[in-house]
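Residue numbers (this note's numbering): 449 to 565.
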């Protein structure tokens, strides 16, 4: 299974997503915002297969985080999750968006598809 960094400022959702991914065999680290996620990623980047991040967060948003992570490692997979994409934010064309709220089986399926791509 994969090593996943989950990033979301909603602590309840963050815990739920991390728990579901762990129950499905993944190793999970989490962060509550983009700045913390970048610090975690910088420390352990060679160990991550996927970064699953919210788009809209205080401080550094998920799109900026994705670009910074990709600057460290072009091979890491990125998956966005968001209830909506704010106007003016352009998503990279090669990244999937998991629309919140999502059923947990869709989370598992989308994570699997993203890792396999």
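Backbone N, C-alpha and C define an ideal beta-carbon position, used for all residues, glycine too.
Nearest residue (CA-CA) to residue i, options the options
i: residue 459; options: 452, 450, 480, 493; result: 480
i: residue 547; options: 527, 494, 495; result: 527
i: residue 451; options: 538, 473, 541; result: 473
i: residue 449; options: 507, 522, 498; result: 498
Paired residues, beta bridge with residue i - DSSP
i: residue 478; result: 454
i: residue 557; result: None, per the DSSP bridge assignment.
Per-residue burial, residue i [other beta carbons within 10 Å of its own, 16 or more giving buried]
i: residue 478; result: buried
i: residue 469; result: buried
Residues of its chain near residue i, where Cβ-Cβ distance is below 7 Å and the 5 sequence neighbours each way are ignored
i: residue 504; result: 530, 534
i: residue 542; result: none
i: residue 539; result: 511, 528, 533, 545
(request) Evaluate contact between the segment 510–521 and the segment 479–496, counting only Cβ atoms and requiring at least three cross-stretch pairs below 8 Å. (result) The segment 510–521, when compared against the segment 479–496, does touch it at the 8 Å Cβ threshold.
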